[in-house]
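Heads up: the sequence shown begins at 49 in the numbering used here, then just goes up one per residue. C-beta atoms are modelled at their ideal positions from N, C-alpha and C, and glycine is treated no differently.
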Amino acid sequence: MAAASLLSPGPYHILSYGTLLGTTFFHSFVGGIISFQVLTRPQFSALMAKIFPVYFSMQTALPVVMALTYPGDSSSYSPSGIAGVFDSSNRWGVLVPIAAIFASGLANLAVVGPATTRCMDERKRQERKDGKKNYDVPPHSQEMEALNKKFSMLHGISSLLNLGTLFAAVAYGFSLAARLQ
49 MAAASLLSPG PYHILSYGTL LGTTFFHSFV GGIISFQVLT RPQFSALMAK
99 IFPVYFSMQT ALPVVMALTY PGDSSSYSPS GIAGVFDSSN RWGVLVPIAA
149 IFASGLANLA VVGPATTRCM DERKRQERKD GKKNYDVPPH SQEMEALNKK
199 FSMLHGISSL LNLGTLFAAV AYGFSLAARL Q
(Lines of atoms letter the chains of each structure in order from A and count residues from 1; the text may use other names and numbers.)
(Lines give C-alpha, C1' and ligand atoms only; values in the text may rest on other atoms or scores of the structure.)
Protein backbone atom coordinates (compact mmCIF):
# COMPACT_ATOMS: atom_id res chain seq x y z
CA MET A 1 0.00 0.00 0.00
CA ALA A 2 2.71 2.52 0.95
CA ALA A 3 4.75 1.77 -2.18
CA ALA A 4 1.70 2.26 -4.40
CA SER A 5 0.96 5.65 -2.82
CA LEU A 6 4.55 6.75 -3.46
CA LEU A 7 3.92 6.23 -7.17
CA SER A 8 0.57 7.99 -7.15
CA PRO A 9 0.61 11.61 -8.34
CA GLY A 10 -2.02 12.68 -5.78
CA PRO A 11 0.28 13.18 -2.77
CA TYR A 12 2.74 15.19 -4.85
CA HIS A 13 -0.12 17.33 -6.11
CA ILE A 14 -1.35 18.06 -2.58
CA LEU A 15 2.18 18.72 -1.30
CA SER A 16 2.89 21.09 -4.21
CA TYR A 17 -0.37 22.92 -3.68
CA GLY A 18 0.17 23.17 0.08
CA THR A 19 3.70 24.44 -0.38
CA LEU A 20 2.53 27.07 -2.87
CA LEU A 21 -0.36 28.29 -0.72
CA GLY A 22 1.66 28.17 2.50
CA THR A 23 4.71 30.02 1.21
CA THR A 24 2.59 32.64 -0.53
CA PHE A 25 0.49 33.29 2.56
CA PHE A 26 3.47 33.23 4.94
CA HIS A 27 5.68 35.49 2.86
CA SER A 28 2.88 37.96 2.12
CA PHE A 29 1.34 38.28 5.58
CA VAL A 30 3.93 37.09 8.11
CA GLY A 31 7.57 36.85 7.05
CA GLY A 32 7.66 39.88 4.78
CA ILE A 33 5.84 42.15 7.22
CA ILE A 34 7.89 41.10 10.24
CA SER A 35 11.13 41.43 8.27
CA PHE A 36 10.17 44.96 7.22
CA GLN A 37 9.37 45.90 10.83
CA VAL A 38 12.51 44.39 12.38
CA LEU A 39 15.28 44.95 9.84
CA THR A 40 16.82 48.20 8.70
CA ARG A 41 15.87 49.19 5.18
CA PRO A 42 19.22 48.13 3.71
CA GLN A 43 19.01 44.77 5.52
CA PHE A 44 15.41 44.29 4.40
CA SER A 45 16.31 45.11 0.80
CA ALA A 46 19.24 42.69 0.87
CA LEU A 47 17.05 39.93 2.33
CA MET A 48 14.26 40.43 -0.21
CA ALA A 49 16.78 40.55 -3.08
CA LYS A 50 17.83 37.01 -2.07
CA ILE A 51 14.35 35.69 -1.25
CA PHE A 52 12.37 36.96 -4.24
CA PRO A 53 14.12 34.98 -7.00
CA VAL A 54 13.60 31.75 -5.03
CA TYR A 55 10.04 32.71 -4.06
CA PHE A 56 9.00 33.65 -7.60
CA SER A 57 10.72 30.52 -8.97
CA MET A 58 8.58 28.46 -6.61
CA GLN A 59 5.44 30.33 -7.71
CA THR A 60 6.37 29.49 -11.30
CA ALA A 61 7.49 25.88 -10.86
CA LEU A 62 4.89 24.61 -8.38
CA PRO A 63 1.88 25.16 -10.66
CA VAL A 64 3.72 23.16 -13.33
CA VAL A 65 4.18 20.33 -10.82
CA MET A 66 0.51 20.68 -9.86
CA ALA A 67 -0.54 20.38 -13.51
CA LEU A 68 1.69 17.36 -14.09
CA THR A 69 0.41 15.61 -10.96
CA TYR A 70 -3.25 16.60 -11.26
CA PRO A 71 -5.20 13.58 -9.98
CA GLY A 72 -7.99 12.54 -12.31
CA ASP A 73 -11.45 11.59 -11.12
CA SER A 74 -12.55 8.12 -12.15
CA SER A 75 -16.17 8.79 -11.15
CA SER A 76 -16.47 11.62 -13.69
CA TYR A 77 -13.96 10.14 -16.16
CA SER A 78 -11.71 13.18 -15.77
CA PRO A 79 -8.15 12.29 -16.83
CA SER A 80 -5.03 12.82 -14.73
CA GLY A 81 -2.11 15.14 -15.38
CA ILE A 82 -2.04 17.81 -18.05
CA ALA A 83 -4.93 16.18 -19.92
CA GLY A 84 -7.07 16.53 -16.79
CA VAL A 85 -6.09 20.16 -16.32
CA PHE A 86 -7.07 20.90 -19.93
CA ASP A 87 -10.24 18.80 -19.79
CA SER A 88 -13.21 21.04 -20.63
CA SER A 89 -14.93 20.16 -17.34
CA ASN A 90 -11.94 21.59 -15.45
CA ARG A 91 -11.51 24.84 -17.35
CA TRP A 92 -12.61 27.29 -14.64
CA GLY A 93 -11.88 25.34 -11.47
CA VAL A 94 -8.48 23.92 -12.43
CA LEU A 95 -6.96 25.35 -15.60
CA VAL A 96 -7.66 29.03 -14.99
CA PRO A 97 -6.36 29.13 -11.38
CA ILE A 98 -3.26 27.03 -12.13
CA ALA A 99 -2.52 29.07 -15.28
CA ALA A 100 -3.02 32.33 -13.36
CA ILE A 101 -0.62 31.20 -10.63
CA PHE A 102 1.96 30.22 -13.24
CA ALA A 103 1.58 33.43 -15.25
CA SER A 104 1.79 35.75 -12.24
CA GLY A 105 4.80 33.89 -10.84
CA LEU A 106 6.54 33.97 -14.22
CA ALA A 107 5.78 37.68 -14.67
CA ASN A 108 7.32 38.44 -11.27
CA LEU A 109 10.28 36.13 -11.89
CA ALA A 110 11.15 37.19 -15.44
CA VAL A 111 9.94 40.78 -15.79
CA VAL A 112 8.75 42.69 -12.73
CA GLY A 113 11.25 41.32 -10.19
CA PRO A 114 14.33 42.04 -12.31
CA ALA A 115 12.99 45.50 -13.23
CA THR A 116 12.45 46.24 -9.53
CA THR A 117 15.98 45.08 -8.69
CA ARG A 118 17.43 47.30 -11.44
CA CYS A 119 15.43 50.23 -10.09
CA MET A 120 16.75 49.57 -6.57
CA ASP A 121 20.30 49.55 -7.94
CA GLU A 122 19.64 52.84 -9.74
CA ARG A 123 18.35 54.33 -6.48
CA LYS A 124 21.54 53.24 -4.66
CA ARG A 125 23.66 54.95 -7.33
CA GLN A 126 21.49 58.08 -7.07
CA GLU A 127 21.81 58.02 -3.26
CA ARG A 128 25.59 58.21 -3.65
CA LYS A 129 25.25 61.14 -6.05
CA ASP A 130 22.72 62.94 -3.83
CA GLY A 131 24.36 62.08 -0.52
CA LYS A 132 20.91 61.18 0.78
CA LYS A 133 18.94 57.93 1.15
CA ASN A 134 15.85 57.42 -0.98
CA TYR A 135 13.74 57.11 2.18
CA ASP A 136 15.15 60.17 3.95
CA VAL A 137 12.86 63.12 4.57
CA PRO A 138 12.24 65.12 1.36
CA PRO A 139 13.18 67.10 -0.59
CA HIS A 140 14.85 64.73 -3.04
CA SER A 141 16.48 65.34 -6.37
CA GLN A 142 14.23 65.07 -9.42
CA GLU A 143 16.10 61.91 -10.40
CA MET A 144 15.43 60.31 -7.00
CA GLU A 145 11.78 61.34 -7.06
CA ALA A 146 11.41 59.69 -10.47
CA LEU A 147 13.18 56.54 -9.25
CA ASN A 148 11.04 56.40 -6.09
CA LYS A 149 7.90 56.72 -8.21
CA LYS A 150 9.12 53.99 -10.57
CA PHE A 151 9.99 51.70 -7.65
CA SER A 152 6.57 52.26 -6.08
CA MET A 153 4.87 51.39 -9.36
CA LEU A 154 6.94 48.22 -9.84
CA HIS A 155 6.46 47.18 -6.22
CA GLY A 156 2.72 47.72 -6.59
CA ILE A 157 2.56 45.60 -9.75
CA SER A 158 4.57 42.84 -8.07
CA SER A 159 2.31 42.96 -5.02
CA LEU A 160 -0.82 42.73 -7.20
CA LEU A 161 0.63 39.76 -9.07
CA ASN A 162 1.45 38.11 -5.75
CA LEU A 163 -2.07 38.80 -4.47
CA GLY A 164 -3.41 37.31 -7.71
CA THR A 165 -1.38 34.18 -6.99
CA LEU A 166 -2.86 33.97 -3.51
CA PHE A 167 -6.45 34.43 -4.73
CA ALA A 168 -5.99 31.90 -7.53
CA ALA A 169 -4.46 29.39 -5.09
CA VAL A 170 -7.38 29.80 -2.69
CA ALA A 171 -9.86 29.46 -5.57
CA TYR A 172 -8.11 26.30 -6.69
CA GLY A 173 -8.22 25.03 -3.10
CA PHE A 174 -12.02 25.27 -3.15
CA SER A 175 -12.10 23.37 -6.43
CA LEU A 176 -9.80 20.70 -5.03
CA ALA A 177 -11.78 20.46 -1.79
CA ALA A 178 -15.04 20.00 -3.72
CA ARG A 179 -13.60 16.77 -5.10
CA LEU A 180 -13.19 15.42 -1.56
CA GLN A 181 -16.89 15.55 -0.79
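query, result
"N- and C-terminal bounds of the alpha helix (DSSP H) containing Lys180", "It is not in any alpha helix (DSSP H) - Lys180 carries neither H nor E in the DSSP assignment."
"Cβ pair count under 8 Å reaching 3, the segment 133-140 against the segment 177-195", "no"
"Distance, Pro59 Cα to Met201 Cα", "39 Å"
"In DSSP terms, what Asp121 is bridged to", "Ser126"
"Anticipated Cβ contact below 8 Å, Phe104 with Gly179, distance rounded", "The Cβ separation is near 34 Å, so there is no contact."
"Candidates Ala109, Ser126 and Leu63: closest to Thr213 by CA position", "Ala109"
"Assigned secondary structure, Tyr220 (DSSP; H/G/I helix, E/B strand, else coil)", "helix"
"Arg171 classed as buried or exposed, judged by whether at least 16 other C-beta atoms fall within 10 angstroms", "buried"
"Secondary structure, beta strand (DSSP E): runs of 3+ residues fully inside the segment 69-138", "none"
"Proximity of Ser83 and Leu95 at Cβ, strictly below 9 Å", "yes"
"CB of Tyr220 within 9 Å of CB of Val112, strictly", "no"
"Distance CB(Ser223)-CB(Pro145) smaller than 9 Å", "yes"
"C-alpha distance - Gln107 paired with Ala148, whole-angstrom precision", "10 Å"
"As assigned by DSSP and simplified to three states, the class of Pro57", "helix"
"Host alpha helix (DSSP H) of Ser152 (start-end)", "Val144 to Ala155"
"DSSP three-state assignment for Leu228, whether helix, strand or coil", "coil"
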